[in-house]
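Chemist: Add 118 to the 1-based position in the sequence shown for my numbering, that's all there is to it.
Glycine included, each C-beta is placed from N, C-alpha and C at the ideal position.
Predicted model, so just to flag it, every value in this text is computed and none were measured.
One structure is given below, represented as structure tokens, and several questions about it will come after.
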Amino acid sequence: MSLLNQPATEMLVWRNRFAALGDAFFTRLSPTALPAPYWISRNTSLMTELGWPEPGLSSPDALLAFSGCAIPEGAAPLASVYSGHQFGQWAGRLGDGRALSLGDVESAQGHQEIQLKGAGPTPYSRRGDGRAVLRSSIREYLCSEAMHGLGIASTRALCLTGSAQPVRREEVETAAVLTRVAPSFVRFGHFEHFAANQYLSELKTLADHVISLHLSECTARAALGEHQGNVYAVLLQVVTERTAQMLAQWQAVGFCHGVMNTDNMSILGLTLDYGPFQFLDGFNPRHICNHSDNQGRYAYHRQPNVAYWNLYCLGQALASLINDQELTLAVLESYKTHFPQALDRAMALKLGLPIASETISEINSTRELTDSLLAILAREQVDYTIFWRRLSQAVAAPIDAADASGVAWNSVRDLFLDRSAWELWQQRYLQQLALHDQVKAGRSMLAHNPKYVLRNHLAEIAICQAKLGDFSEVQTLLTLLQSPFDEHPEHEAYAQLPPAWANSIEISCSS
């Protein structure tokens, strides 16, 4: 059999480097087969990026393997144990309640861990069924690829399979298995688990594992004397920086995670565990996308502070390894510098303004311009994605048309009821923009302000069709979201304002 005709699972040389940590870190078990599985979608683009031949996802053997019906030769499935804080409260032992790691494999982008989500109960399911439903699986499949398309660090989705097997949530739904890919699925909660239980040897083993295999820059930076050569302090520093960067990108693109528990925070700074998420429609800083979040803990405007709180929990877990309380606190305090700097850079890119070698006065001017704009958007709850795309198009318009009365600017102005407030801000913006190359700024803005995001109503339409056995909308969205800055004129309707019924969509933690 030629390599191109082999199923994906046979092309891969399976390892499980996480398993080398020892039995305290996981439980070995087999997935629970998904009855009569069928393909919903296969991410051939990701296959290509990873250097794996696309046809490998087309075989019956691949369908069985990625539905939990067969274990690929060389794979050794396991569910890892971790703990964590959920909605600000210590939840104790959690773990992979419906996810199984098949192992990790080499790719064109380095080692990647492959994980089945929805593959049945594990010792950490806490009386749950270990299944994922079609609805939530489609949302995660599409959103993880959408985030990657936006340039935001995320786990990825290799494929999605389904079954008629009933699964009970608020109502009876059908089952699905999502195949996720990431360099590692280690979470803040893994460290919290061993620290809380005083398993200090295992805690050190885990930290050394992450540093050695995934964050080797920690060793290099410590060798250069950073944080007095304390490699575990540097580990916390690197995670802090990556988390700050991720949060800045979330805020800039208008993404709400919805369940920022410590067990949903990646040690690599990846967007992880897509449950009740949402991209903002009308800009409302206090928006709560999770119907289960009664207190609004994870509202959009609170996400940056929640990330700091979660990092503080991680710092507590690493405290015995760092062995210097003042140093630990100093590292955590750096988030308060790294996050606003990262957000300033992200918003400057959205505005087409320079981010390199800015003076303090320029930084403050851009920040003031951003803050005043967001206040106007919030007051009128202007559609966030459409505003930024129209602004980009106005700036990118021919110079002779890019003025306050130009046609391109009219489409921006039409988004506002309070025209005077908008025009005052526009005047200030154009004055600042005039100091730079406007043509270059417009091109840059179109590459940083997406035309397409995974709005709730778009996902809902795809889900409704999928429930009827039609997966074409899933594939259409996948294509658009993998290149969200492109025009795709044949799909213009996907970039329009959401319908009125979109406001009634409620997403919870139930799936």
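In this structure, what does DSSP give as the bridge partners for Q230?
Modeler: DSSP, once it has assigned bridges, lists V223 as partnering Q230.
Chemist: Could you check the C-alpha separation between R485 and E258 for me, to the nearest Å?
Modeler: Cα to Cα, R485 sits roughly 33 Å from E258.
Chemist: Have a look at K235, L324, S281 and flag the residue whose alpha-carbon is nearest the alpha-carbon of L296.
Modeler: When each option's Cα is compared against that of L296, the closest is K235.
Chemist: With three or more beta-carbon pairs closer than 8 Å as the criterion, would you say the region 230-244 touches the region 299-316?
Modeler: Contact between the region 230-244 and the region 299-316 is present, because at least three Cβ pairs lie under 8 Å.
Chemist: Quick check on DSSP: helix, strand or coil for Y392?
Modeler: The answer is coil: DSSP assigns Y392 none of H, G, I, E or B.
Chemist: For D532, name the three-state secondary structure that DSSP assigns.
Modeler: In this structure, D532 counts as coil in the three-state DSSP scheme.
Chemist: Do C431 and H609 come within 8 Å of each other at the CB atom, strictly closer than that value?
Modeler: Their beta carbons are not under 8 Å apart, which means H609 does not touch C431 by this criterion.
Chemist: Helix, strand or coil: how does DSSP classify N408 here?
Modeler: Strand at N408.
Chemist: Have a look at the DSSP bridge pairing and note the partners of P284.
Modeler: Per DSSP, T292.
Chemist: Where does the unbroken beta strand (DSSP E) through Q316 begin, and where does it stop?
Modeler: Neither: Q316 is in no beta strand (DSSP E) and is coded neither H nor E.
Chemist: Tell me whether E289 is buried or exposed, calling it buried when 16 or more other Cβ atoms sit within 10 Å of its Cβ.
Modeler: Exposed, by the Cβ-count rule.
Chemist: Contact defined as beta carbons within less than 8 Å: I believe V449 pairs with L342. What is the distance between those atoms, to the nearest angstrom?
Modeler: Not quite, the Cβ-Cβ distance comes to about 16 Å (not below 8 Å), so this is no contact.
Chemist: For a test of the three-state rule: what should DSSP assign to C374, helix, strand or coil?
Modeler: Strand at C374.
Chemist: Buried or exposed: W619, going by 16 or more other Cβ atoms within 10 Å of its Cβ?
Modeler: The residue is exposed, with fewer than 16 neighbouring Cβ atoms inside 10 Å.
Chemist: Using 8 Å as the cut-off, can you tell me whether the region 544-553 makes contact with the region 215-224, which would need three or more C-beta pairs spanning the two stretches below that distance?
Modeler: No, the region 544-553 does not touch the region 215-224.
Chemist: Grouping DSSP H, G and I as helix and E and B as strand, with all else coil, what is W659?
Modeler: Only positions 119 to 629 of the chain appear in the structure, and residue 659 is not among them; the question remains open.
Chemist: Counting only the same chain and skipping the five closest in sequence on each side, list residues whose C-beta sits under 6 Å from that of E605.
Modeler: Around E605: no qualifying Cβ.
Chemist: Using only the alpha-carbon positions, how far apart do S562 and G470 sit?
Modeler: Near 6 Å, if we compare the C-alpha coordinates of G470 and S562.
Chemist: Quick test of your reading: P155 and S176, contact by CB under 8 Å. State the CB separation rounded to the nearest angstrom.
Modeler: At roughly 14 Å, the Cβ-Cβ gap does not stay under 8 Å, so P155 and S176 are not in contact.
Chemist: Could you tell me the distance, in whole angstroms, from the CA atom of T292 to the CA atom of Q227?
Modeler: Each residue's Cα considered, the two are about 34 Å apart.
Chemist: Is the distance from the Cβ of F603 to the Cβ of L564 below 8 Å?
Modeler: Closer than 8 Å, so yes.
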